[in-house]
Amino acid sequence: MAIHRVAFLALLLLSGAVLLGSKVEGADGKACTRNCDPDVAYMVCPSTGQRITKPCVNCCSARKGCKLFRSNGSVKCTGT
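The sequence shown maps to residues -29 to -1, 1 to 51 in mature numbering (1 follows the signal peptide of the UniProt record, and there is no 0).
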């Protein structure tokens, strides 16, 4: 009886590890720093459409679709 419990627990542990492993492989491996980019003068996000001045973001940490602009008005990047 004890052998069946051990085998069942081992099988359960193995299947859990396989499921967790498949989730990790499908995750986006993007690692972003939280540093403010001094080159970014303002940001415009499609959700609000408002101009946000002096945001503390960088190209990696900006929300999806938000555009980061330099002080001369040129687009630096768009959040992904």
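C-beta: ideal position from N, C-alpha, C; glycine also.
Residue i - partner residues in DSSP beta bridges
i	result
Thr49	Lys38
Nonlocal neighbours in the same chain, by C-beta distance under 8 angstroms from residue i, ignoring five residues either side
i	result
Ile23	Tyr13, Met14, Val15, Cys16
Asp8	Val28, Asn29, Cys30, Leu39, Lys47
Rounded separation between residue i and residue j - CA only
i	j	result
Val46	Thr19	18 angstroms
Gln21	Gly36	13 angstroms
Cys3	Ile(-27)	47 angstroms
Arg(-25)	Pro26	57 angstroms
Buried or exposed by the 16-neighbour rule on C-beta atoms within 10 Å, applied to residue i
i	result
Asn6	exposed
Residues near residue i by beta carbon distance below 7 angstroms, same chain, minus five either side
i	result
Gly50	Ala33, Arg34, Lys35, Gly36, Cys37
Asp10	Arg41, Lys47
Gly44	none
Reduced DSSP secondary structure (H/G/I, E/B, other) of residue i
i	result
Arg22	strand
Gly(-4)	With a pLDDT of only 46 at Gly(-4), under the threshold of 50, the placement of this residue in the model should not be trusted, and no figure is reported.
Same chain, Cβ closer than 6 angstroms to residue i, five either side skipped, listed in chain order
i	result
Ser42	Ala12
Any non-hydrogen atom of the ligand ADP within 7 angstroms of residue i CB
i	result
Pro9	Absence of the ligand ADP from the depicted structure is noted, as is the absence of any ligand whatsoever, leaving it without description.
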